[in-house]
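Here is the structure we will look at, set down as structure tokens.
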Amino acid sequence: MLSNKKNLSLLQKAFELKEIPKRIEIYDNSHIQGSYAVGAMVVANEEGLDKSEYRKFNIKNAQTNDDFAMMNEVIERRFKKIKKSKSYDSLKYPDIILIDGGKGQYSSTKKALDNLGISDVKIISIAKGEKRNAGREKFYTDRDKPYLFKPNDPMLFYLQRLRDEAHRFAIGTHKAKRKKEFTKNPLDEIPGIGLKRKKALLNFFGSARAVSQARADELTSVDGVSINMANKIFDWFNE
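Whatever position you read off the sequence shown (first residue = 1), add 17 for the working numbering.
See below:
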């Protein structure tokens, strides 16, 4: 395996950058049908992955079933914070943004940066290969044609590792948010609902809010929810 410094040097050559990048921020989103939506950012530099710089984003404004809008929100929030910071540190300003998602996510990210007047950050978006095969990824940037690498190219392996780390961190953040929802939410206040039934309701509907908006007959579709319990839940949220 090549050193981190060597990988960054190869990255400069592969994507025709003016300088060797010092900081790469890699972004990914995670959700289940729009529920518990989060964004995640991991950071790589010449020392490798810098976990002290990882960041989590709870999606606030975007439609949580719209991956492009979610990425747009995360990028805007991240770079607005950088621009507002009084203690600006050039070492914490990325040379490259790496995102998973192909052309659409590239456009969404570029739009977010354009809106903030930022043009000095290289955007690289990874599109999954044909039949989602690893090794056939396409890398979209500001040039007309995507970059392609041979399946055994060290540069491809490096970019895959960065993408996979962002994906791992995003999924972990998403699971933690789900667990928090399971252990503490408005359903806890309903007498007699129990942990098992609460989990079944959240898994079925996706969120406590969706449960609160469901009709009694919809609630009975959940395993373990009788008509009496369905009426109790419905009445609790609608009285």
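Positions of the beta carbon are idealized from the N, C-alpha and C atoms, including for glycine.
Review point. Exposed or buried, E42, counting other C-beta atoms within 10 Å across all chains shown (16 or more means buried)?
Key: buried
Practice item. Provide the residue(s) that pair with G241 in DSSP beta bridges, ordered along the chain. Key: BP columns for G241 are empty, so no partner.
**Study point:** Alpha-carbon spacing of Q122 relative to N21, whole angstroms
**Key:** 26 Å
**Study point:** Spatial neighbours of E70 in its chain, beta-carbon cut-off 6 Å, leaving aside the 5 residues before and after
**Key:** V60
Check your understanding: Cα-Cα, which of F254, A233 and W253 is closest to I244?
Key -> A233
Check your understanding: What is the DSSP secondary structure of L66, reduced to helix, strand or coil?
Key -> strand
Check your understanding: If A183 and A57 are in contact, beta carbons under 8 Å, what's the gap, nearest whole angstrom?
Key -> 6 Å
**Study point:** Simplified DSSP state of Y175, which is helix, strand or coil
**Key:** helix
Review point. At what residues does the alpha helix (DSSP H) containing N21 begin and finish?
Key: N21 to A31
Exercise for review: Measure the Cβ-Cβ separation of A187 and D67 and say whether it is below 8 Å.
Suggested key: no
Practice item. Can you tell me which of the three DSSP states S125 falls into? Key: helix
**Study point:** Spatial neighbours of K213 in its chain, beta-carbon cut-off 8 Å, leaving aside the 5 residues before and after
**Key:** G241
Check your understanding: Are there three or more Cβ pairs, one per stretch, closer than 8 Å when the stretch 85 to 102 is compared with the stretch 207 to 223?
Key -> no
Review point. How would you label N255, buried or exposed, when you count the other beta carbons within 10 angstroms and need 16 or more for buried?
Key: exposed
Check your understanding: In chain order, what residues of the same chain lie with their CB nearer than 7 Å to the CB of L236, ignoring the 5 residues before and after it?
Key -> V242, A247, I250 and F251
Exercise for review: Give the single residue among S26, S238 and I114 whose Cα lies nearest to the Cα of F222.
Suggested key: S238
Practice item. Measure how close the beta-carbons of F156 and I140 come, nearest whole angstrom, since I'm counting them as under 8 Å. Key: Incorrect: roughly 10 Å between the Cβ atoms, too far for contact.
Review point. Which class does A193 belong to by DSSP, given the choice of helix, strand or coil?
Key: helix
Check your understanding: Which partner residues of M58 appear in the DSSP bridge assignment?
Key -> Y44 and R72
Review point. Considering only the beta carbon of each residue, do A225 and P203 sit closer than 8 Å?
Key: yes
**Study point:** Range of the contiguous beta strand (DSSP E) that encloses F156
**Key:** K155 to Y157
**Study point:** Nearest neighbour of E36, chosen from D137, H191 and N75 [CA to CA]
**Key:** D137
**Study point:** Length of the line joining the Cα atoms of Q50 and K77
**Key:** 16 Å
**Study point:** Other residues of its chain near R180: CB distance less than 8 Å, five sequence neighbours each side excluded
**Key:** I43, D45, L115, D117 and I143
Review point. Among K167, S229, Y53 and Q29, which residue has its Cα nearest to the Cα of D84?
Key: Y53
Practice item. Starting from Y164, follow its DSSP beta bridges and name the residues at the other end. Key: F156
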